[in-house]
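Chains Z and B supply the protein sequences, listed in that same order.
Once you know that position 309 of the first sequence is 309 in my numbering, the rest is easy, because the numbers rise by one and skip nothing.
Once you know that position 59 of the second sequence is 1059 in my numbering, the rest is easy, because the numbers rise by one and skip nothing.
Glycine included, every Cβ here is placed at the ideal spot set by N, Cα and C.
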Amino acid sequence: MISLEALFQPGQVSKREETMVVYSRDASRIQGPCQGVVWPETVNDVVRLAQWAAETGIDLVPRGAGTGLCGGATPQNSVVVDSSRLRQIGAGEIQSKKVMVDAGVPLDLLNRTLRQDGLFLPVVPGSHRSATIGGMIATNAAGLHAVRYGRMSNWVEEVVLVDGKGEVHQLTADDRKASLGREGITGMIVQATLHLTEIPEIRSLTLFTFENLEEMLKQVEELKTNPALSALEYLNPLAAALVGWTARHSVLAEFHGAEGKIRDSAGMANLWGARESLSARLTQAGFPISEDPQFPPDALEESIDWLTTQRIPTFGHLGVGILHPRFLQNDARIAELYRRVSVSGGQISGEHGMGLKKRQWASESFQADVQALKTQFDPYNIFNRGKQC
Amino acid sequence: MLTDLTENPTCIECGLCREVCPVFQTQRQEEYSPRGRAILGYAGLQTLVFYQCTLCRACRAICPVEHDPSGETLRAGLISAGIETEANQLMIANIRTYGNPFGPLAEGELPKTLTCC
């Protein structure tokens, strides 16, 4: 049996202790044993690696920037496949507003590159500085502007995937479901063709605060009818206090236009900076466990009320019903949260994915979907074994 | 095989520092990122990877909790453990012996090599 090292150039494989320690975990800080790391530089590298894994039976864990919060990139006696050298950005088709990119391209790098053409990819997760396009497709990321722009599934035209047999698929239309939100269980995403949109000329912000939750949700429904709305971010009183805002239910609304009260760039940067710092501040404040349930609109009031009464700091993308309650380690209330999600008809994973962390909550229908996709794309079970369910 | 969630008390391991780090931009391997150095430091490894840092502190500027996984503290730990790069040892020996980091130089001679950590 050929060794992993013999498949690649010396600089493309590492089994050094330093390498295996840092790749044993992702931003979830869920940890597992790593057998080695490979840095493919071409699609063919990934094909040869998948064929090798199919022969050896070794689990391959695709990894983007390692910013995931559910252990999707955590190895379990696996070889980690790091996409950080798959980083080409193709020539944009400006007229048709499309671009082809490698999976390891970070979102902010892509958008900086596109700026000269007045275009951008508007799906912006909190980890936008480092998050890769491949990881964003694998988790079907939503993020800060989901209320206007939706998820990655709205912006991906084609995905190039290397499956568990080492075959290359160009997934379009309905076939994309084999990659979008599948966290690498069907294979490794290596390239994608993305739709783009124009950068808005004018933005403005308004920060609304409320004592009364019902009143806030009425205002939110009204705001959602405004065609200029581009973000609707919520902080409960506990989260608002942590970023120095008044401890009330707070809604940060962004508009593509001048109707917001704050229009100067410094003022807007200040508010967005506070909002974007929140996740890290909560981790530092002792609430490291981030959940991402998605509630239907009619369940939001009861859910937010329960979270706030329980003194659970919570923020989220209220416009699309995704909340990020933050918990203490081993917090028993997480089970109660997911019981409430299930009863309300919501989603266990709004945008972070299932990974290792939430696989215990996977429904029977979800498990059946995973099994069907595994049979079709990864019959030898070599890609991200044991993830999602 | 899964071990439980373990907390690093200083770095929250979000990975936002990767893209501003000039060393990571060159190497594209996590162990050379500021997050990687922080994980290695927390794991108690004494490794010459800590010298793969320009001390520019771009990571601190971007870090949401203002953590500073720069090489200085980590390198100090290496020195205490008696671990140095050969280049560093030669540079210090040259300074002690010749009063400069380049080694023996004749009057007016320009240095041909520069050793550094």
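With respect to the 8 Å criterion, residue 199 of chain Z and residue 112 of chain Z are not classified as neighbours on the basis of their beta carbons. Excluding residues up to 5 positions away in sequence, 326, 327, 328, 329, 331 and 334 lie with their Cβ nearer than 8 Å to the Cβ of residue 289 of chain Z in the same chain.
Taking a C-beta cut-off of 8 Å against chain B, none of the residues of the stretch 169–200 of chain Z qualify. Nearest CB-CB separation between residue 1023 of chain B and chain Z: not below the 8 Å threshold. Residue 248 of chain Z sits in coil when the DSSP states are folded into three classes, being neither helix nor strand.
Taken in chain order, the members of the stretch 351–382 of chain Z whose beta-carbon sits within less than 9 Å of a beta-carbon on chain B are 356 and 357. Boundaries of the beta strand (DSSP E) around residue 172 of chain Z: 168–172. Cβ neighbours of residue 246 of chain Z within its own chain (closer than 8 Å, five residues either side excluded): 209 and 240. Excluding the 5 residues flanking it on each side, residue 77 of chain Z has same chain C-beta neighbours closer than 7 Å at 33, 35 and 59, in chain order. At a cut-off of 8 Å, the C-beta of residue 66 of chain Z has a neighbouring C-beta in chain B. Close to chain B, meaning a Cβ-Cβ distance shorter than 8 Å, are the following residues of the stretch 263–285 of chain Z: 276, 277, 279, 280, 281, 283 and 284.
Neighbourhood of residue 23 of chain Z in chain B, by CB distance below 7 Å: 1030, in chain order. Between the beta-carbon of residue 161 of chain Z and that of residue 189 of chain Z there is about 6 Å, and that keeps the pair under the 8 Å contact cut. One finds 1019 in chain B with Cβ atoms closer than 7 Å to the Cβ of residue 106 of chain Z, taken in chain order. Residue contact check for residue 1047 of chain B against chain Z: a CB pair falls below 8 Å. Burial check for residue 264 of chain Z: the Cβ neighbour count within 10 Å stays below 16, so the residue is exposed. Put simply, of Z:117, Z:158 and Z:320 the residue whose alpha carbon is nearest the alpha carbon of residue 217 of chain Z is Z:320.
Between residue 128 of chain Z and residue 155 of chain Z, the C-beta spacing is not below 8 Å. Within the model, the alpha-carbon separation for residue 124 of chain Z versus residue 65 of chain Z is close to 15 Å. DSSP lists Z:249 as the bridge partner or partners of residue 210 of chain Z.
Each residue's CA atom was taken as its position, placing residue 182 of chain Z and residue 323 of chain Z some 21 Å apart. Around residue 1103 of chain B, the same chain offers 1094 as residues with beta carbons nearer than 6 Å, after the five sequence neighbours per side are excluded. Scanning its chain for C-beta atoms nearer than 6 Å, with the 5 sequence neighbours on each side dropped, one finds around residue 191 of chain Z the residues 102 and 160, in chain order. The beta carbon of residue 39 of chain Z sits closer than 7 Å to the beta carbons of 12, 82, 84 and 85 from its chain, once the five residues preceding and following it are set aside; these are given in chain order. Closer than 9 Å at the C-beta level to chain B, one finds no residue of the stretch 290–305 of chain Z.
Distances from the CA of residue 367 of chain Z to each of Z:68, Z:185 and Z:37 were compared; the closest alpha carbon is that of Z:185. DSSP places residue 362 of chain Z in no alpha helix (DSSP H); its state is neither H nor E. In this model, residue 275 of chain Z and residue 243 of chain Z are separated by some 7 Å (Cα to Cα).
The beta carbon of residue 130 of chain Z sits closer than 7 Å to those of 65, 67 and 106, all from its chain and outside the five residues before and after it, given in chain order.
When Cβ-Cβ separations below 8 Å define contact, residue 1107 of chain B makes no contact with chain Z. Residues of chain Z with a Cβ closer than 7 Å to the Cβ of residue 1012 of chain B are, in chain order, 280, 283 and 284.
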